[in-house]
Structures are given as structure tokens and as C-alpha cells.
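Presented below is the structure to which this report refers.
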Amino acid sequence: MNLGKKVIYQVYPRSFKDTSGDGIGDLRGIASKASYIKDLGVDMVWLNPFFISPQKDNGYDIADYYHIDEKFGSEEDLDYLIKIFEENGLGLMFDMVFNHTSIEHEWFKRALAGDRYYQDFYYIRDPKEDGSLPTNWESKFTGDAWAPFGNTGKYYLCLYDKTQADLNWHNPNVRKELFKIVNYWIDRGIKGFRFDVLNVIGKDQLLKDSTGNIVEEKALYTDTPIVHKWIRELNQNTFGRHEDIITVGEMSSTNIKNSIMYSNNDNTELSMVFSFHHLKVDYENGDKWTDYAFDFKKLKEILNEWQVGMEDGGGWNALFWNNHDQPRANNRFGDVKNYPYETATMLAQTMHMMRGTPYIYMGEEIGMSDPNYDSIDDYKDIESHNAYEMLIKEGKSSEEAFSIISKKSRDNSRTPMQWDSSENAGFSNINPWLRVNSNYIQINVESALSNKNSVYYYYKELIELRKEKDIISDGSYTPILEDHPRVFAYLRKYKDQVLINLNNFYKEEVEIDLSAILPDYKDFSYLLGNYGNREMKEKIILRAYESISFIKFIKRSND
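Residues 1 to 559 (full-length UniProt numbering) are what the sequence shown spells out, left to right.
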């Protein structure tokens, strides 16, 4: 399987299309848009969790891995979705949340009822002798990483929300149950799996305090050596038995060395990894909940390091700017007010010309942006509300706290898909679970499809080029202009071809002298650019948020 030729589209089911009239997207809604997704040119669709869940963390708190939450439809609806996608040549990728379960899961309920077999499914610990929590770890959703285990006097580990209890992978019975889940869905026809925060499953059996340093604390449970052993075991017992299944691990705070092992081409662990370092360059001193302009130099360094490092080690990157946990990239790294088309297409071309497998998050392909909400009450995300309270406690005014939330909330990407200019953007016939972005009148699928110069058709062309040209899917990657303060650029090379991609991340025009980098610049021809066809010259001026690629075919001596 050539992963470089694949492109994956992410659907957040709750926000994609409502057909039942309850304001929440559903499986029938996804099925109804199969032809739209197919026409874009992608190969597979990743669906965020739609299993039975109390929805404390929008489905990432799973109470039953085998059945569909009635909010999203029925078993028959899922069968229909699988059938329709197969008919359209689209694979389905399911989201597996195996670091933790909801406390509403039967395993946890049995544990709480006193069943010792199931108590060993979780990290349940006594307090310290002084009565304090088992460790001083902090939750990734703020606060302590422990919660009372009923009235037993013990505590259970919850690295995320209090309703999400961490699973004890040291217990072979836990691993066997998780293997059963994956194999069940493979038998149902599922062709891909995205594993949520998979590199934090490797906590020690003997948990210990951290020094209080957040980096040191994460190292106690992130990318530990046993994670690789367990992923190899997962591979051997489930998807590794099938050649046509694509897997991706969401790797929290990971590094290149481990990611190479997770995704190297011996196929003993995963197909590829998600890493998020490039999406933390607008965090002031590593703190997400800050209002801070992105560090372009750091962005370039991180993207280049991961491209080169993963290639050198035989690893494979998932390429992405957006997902359900991130604000929209065009708001973060461009100008959606004055240069919406240029920003969206420049970011797309920057990423899609790289080495890896591109992921497109729903709405990205039409230029959807963050909403202009008025109040913290417009947001539903638990992390955002926790952060808002934290910022208030730290002394921020309500206006300052809300301003930060409005830039960093996960709900920014979760607003309903904008299908047309009708009420509620064609997503639902009633008010949706999350307010629609007010710009849906201008930015919607119907409008995009009617305009051959829209962001949508640019994405379509990028996908077609990746499938047509081996240099994009299989070529090597070499950074250039690494110290340039405004331009991100690189070369791709494959056999007798060279491709150069130039991207201006700012509104100011900039002149690039290519004579030192490409003395044979006259041999290059235009491939794609968001300002249209241009001639390759020794000095080229890049306009506001311009992206442009040129390609050269090397003449062989015996030609």
C-alpha cells in the first residue's frame, strides 16, 4: 500500500449533517454526503467516536465500544453507511479511545461494585499515608489527575476528564478485550483505525510523584518503552493480519525517535503518527491558554525537523493543519478577513506538497473559519469552560479570559458544516447543538461548488496531483531558505524530477533570489499556484499569502 498516494478526510459526526431533526449530526447525514466526499478525491473518512457515551467529552468518554449512541443513529444506519461508502470506493476509519473508558462503562461499573477482576482494569490506588492523592499528577484538562473511587477511600487515575478512567494496560485481560473490539470492527468492514492518545498508555505499575516540572511529569507516562511492546502486540493480534488497513496513532507530546519506531516501514506497529508540535507555536511559553502570535521561525523548524527526521528513519507523518481539537489554521496562521482564499490555499499547498499522508478536516476544503461567538455560553467544550474558570482564578477579567478562549477553544473547529446559505447553513432544520458560524452565507459548499476558482477546487487539484505525481507521494524532502523570516520553502526530489514549493506566510510581498539554490531555474515549469500560472525566474516576487510550485524533469545523458 502506497500511503503517499492516500488522502484522508475527517468528519466530526456531531457537526457534519443532521437528518433526524434533533440538531445533532448523524450517520445517515454522513451517508447522504458520500458522493460529495468521493468527488473531492479522498480515499478514506475518519469518523470521531459515535459509540454509546455520556458525552462528557464529546464521545471520547466511551461507555460501549460495540454499539452506536442513539444520538447518531442505529445499527441499521451504520450498516447503511458502510455499504454506501463501499459503493463509493471510500474506506472508513474508526476512532478507538483505548487509554481510558467512561466511568459509565460496564467494566468500571463492575469495578465500583466490588468486582476485583474489573478493578484491575484501571489504576485504582490508596491515598498516601498523609491522606493526599496517590500522586501529584495534573489532569490534562486542569486539576488533579485522580478522582474518588466511590466511597471506598481509594482513587482512580483520570489523566483527562474525571469521568474518563485510565485503563491498566499491564493487565493482559484489558489488552485482550481491546483486541476483540478492533477485530469486531474489522469483521464489520472497517478499513482504518485512529488510536486516541495511544502513547500515554504506558504508565508504570508503580506510580510516582513528579517534581512538578510539566515536561518531567509527562515523561512518567508518555512514550515509555512498553508502549511499543503493547502496540506491536495490538498489531499482531488485530489489524496487522490485514494488508489493506490503515492505522494512525495520536501521539501526545511525542518525539521523532519514538515516532519513527511507531511508524517505520517494517509495519510492526502503525502506519503513521499524528504529532502536534507545529500546532503549539502560538502557545506563549508552552501555555495553550494565552493570546500569542505564532512563531513562524519555530513553525518552520518543527515542520522541517519532522519531515527530515521521519524520512531519515523510515517513519511516516500524518500531514495536517486542522482537526476537531484545534482552532482553524487559517485563523491562526493567516488573514481570513482580507485574504481568505489566499490563506486557505497557501496553507493547503504547504502541507499537501510534503512527504506523508494528508488529512483534511471537514470544512477546511471550503475555507471555514473560527466562529465569532459573543459569550463563553456559546461554547460547549468542557476543556474550554475549565480553562475559562482557570483564567478567571488567575486574575484575568471575563473579557480577557473570553478573548483567549475564543482563539484557542476546540469548539472553533466543531461548528456545524456549512452546506448552503439557508437557515442553519443547511446542517439542520432546527437550531444545532453548537451555533453555526455567522459567515455561512458567504462560505458554504453550495457556493464553493459553483465557483471553479474556489478553495474547494484548489484542494481537489492538490489531491489529484498527489495521486498523479510520484515526486509528491514518494519524493525526498529538503528544506531551503531555512532562515527566511517570511517564506517557508522546500524541495522534493524523485528519480528524474525536482519540485520546489514556495510559500509566503505574510501579507507583505517578498522577493526571493533562487539563483544560488537553483542555478538551473530556467528548466523549471509551473505546476500549481494560488495566483495562477507564472514563469520561473531568477528572482521571483511572492505576493500576499502566495503559494507556488515549479517542477523540473532532469534530462538523462542517454536521452
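Think of the CB as a built atom: it goes at the ideal place given N, C-alpha and C, for glycine as much as any other residue.
If you're wondering where the values come from, they're calculated on a predicted model, not measured in any experiment.
Separation of residue j from residue i, as counted between CA atoms
| i | j | result |
| --- | --- | --- |
| Gly-189 | Asp-266 | 24 Å |
| Asp-559 | Asp-496 | Low per-residue confidence applies at Asp-559: pLDDT is 43, beneath 50, and the placement is therefore not dependable, though the value from the model is reported in the following sentence. Each residue's alpha carbon lies about 12 Å from the other. |
| Lys-191 | Glu-538 | 47 Å |
| Tyr-60 | Ser-53 | 8 Å |
| Asn-437 | Lys-229 | 44 Å |
| Asn-2 | Trp-289 | 39 Å |
| Phe-85 | Asn-331 | 32 Å |
| Ile-366 | Lys-109 | 44 Å |
| Glu-342 | Tyr-490 | 19 Å |
| Phe-98 | Gln-442 | 40 Å |
| Ser-139 | Asp-166 | 11 Å |
| Glu-106 | Tyr-458 | 47 Å |
| Ser-422 | Asp-370 | 19 Å |
| Lys-469 | Leu-462 | 11 Å |
| Lys-203 | Thr-224 | 8 Å |
| Pro-127 | Gly-153 | 8 Å |
| Glu-104 | Ser-525 | 59 Å |
| Trp-169 | Lys-393 | 36 Å |
| Glu-383 | Leu-157 | 18 Å |
| Ser-271 | Ile-231 | 12 Å |
| Val-487 | Leu-299 | 11 Å |
| Ile-256 | Asp-22 | 44 Å |
| Pro-327 | Arg-492 | 29 Å |
| Thr-415 | Asn-451 | 23 Å |
Beta carbon of residue i nearer than 8 Å to that of residue j
| i | j | result |
| --- | --- | --- |
| Tyr-155 | Pro-172 | no |
| Ile-62 | Thr-101 | yes |
| Val-11 | Ile-360 | no |
| Gly-4 | Asp-474 | yes |
| Met-417 | Ser-15 | yes |
| Lys-71 | Ile-24 | yes |
| Arg-435 | Asp-325 | no |
| Ile-246 | Ile-186 | no |
| Leu-81 | Leu-159 | no |
| Tyr-221 | Val-200 | yes |
| Phe-193 | Met-44 | no |
| Phe-550 | Ile-500 | yes |
| Asn-386 | Phe-141 | yes |
| Ser-515 | Tyr-506 | no |
| Tyr-494 | Met-354 | no |
| Phe-179 | Thr-268 | no |
| Leu-112 | Lys-460 | no |
| Gly-356 | Ala-318 | yes |
| Ile-540 | Val-498 | no |
Cβ separation of residue i and residue j, assumed to be a contact under 8 Å, to the nearest whole Å
| i | j | result |
| --- | --- | --- |
| Asp-18 | Phe-427 | 6 Å |
| Ile-548 | Arg-534 | 6 Å |
| Thr-345 | Asn-503 | At roughly 10 Å, the Cβ-Cβ gap does not stay under 8 Å, so Thr-345 and Asn-503 are not in contact. |
| Ala-544 | Glu-509 | 7 Å |
| residue 560 | Asn-322 | Nothing about residue 560 can be read from this structure; the chain reaches only from 1 to 559. |
| Ile-404 | Tyr-379 | That pair is no contact at about 12 Å. |
| Lys-552 | Asp-523 | 5 Å |
| Asp-444 | Asp-420 | It is worth fixing the name first, because residue 444 is Asn in this sequence and not Asp. Going by Cβ atoms, the distance from Asn-444 to Asp-420 rounds to 5 Å, so yes, they are a contact pair. |
| Leu-528 | Gln-349 | 7 Å |
| Asp-64 | Phe-51 | 6 Å |
Classification of residue i by the beta-carbon crowding that lies within 10 angstroms, buried from 16 upward
| i | result |
| --- | --- |
| Lys-6 | buried |
| His-352 | buried |
| Glu-546 | buried |
| Pro-485 | exposed |
| Gln-164 | buried |
| Tyr-388 | buried |
| Tyr-66 | exposed |
| Leu-206 | exposed |
| Lys-162 | buried |
| Gly-73 | buried |
| Tyr-9 | buried |
| Ile-430 | exposed |
| Ala-293 | exposed |
| Lys-408 | buried |
| Ser-557 | Because the pLDDT at Ser-557 is just 48, under 50, the model does not fix this residue reliably, and the value given afterwards should be weighed accordingly. Exposed is the call here. |
| Pro-432 | buried |
| Asp-79 | exposed |
**Item:** Inter-stretch contact (C-beta, 8 Å, three-pair minimum) for the stretch 200 to 213 and the stretch 117 to 137
**Value:** Yes: the two stretches touch, three or more of their Cβ pairs being nearer than 8 Å.
**Message:** Taking contact to mean 3 or more Cβ pairs, one atom from each stretch, closer than 8 Å, check whether the stretch 23 to 35 and the stretch 85 to 105 are in contact.
**Reply:** Output reads yes: the stretch 85 to 105 touches the stretch 23 to 35.
**Asked** Is the stretch 272 to 281 in contact with the stretch 232 to 251, if contact means three or more CB pairs nearer than 8 Å?
**Response** With the cut-off at 8 Å, the stretch 272 to 281 and the stretch 232 to 251 touch.
**Asked** With contact counted as at least three CB pairs below 8 Å, one residue from each stretch, are the stretch 309 to 319 and the stretch 393 to 412 in contact?
**Response** When C-beta atoms of the stretch 309 to 319 are compared with those of the stretch 393 to 412, fewer than three pairs fall below 8 Å, so the two segments do not count as touching.
**Message:** Taking 8 Å as the cut-off, does the stretch 109 to 117 touch the stretch 215 to 233 (at least 3 CB pairs, one atom from each stretch)?
**Reply:** No contact exists between the stretch 215 to 233 and the stretch 109 to 117.
**Message:** Check whether the stretch 329 to 336 and the stretch 301 to 310 touch, using three or more Cβ-Cβ pairs below 8 Å as the test.
**Reply:** Flag = no, the stretch 329 to 336 and the stretch 301 to 310 do not touch.
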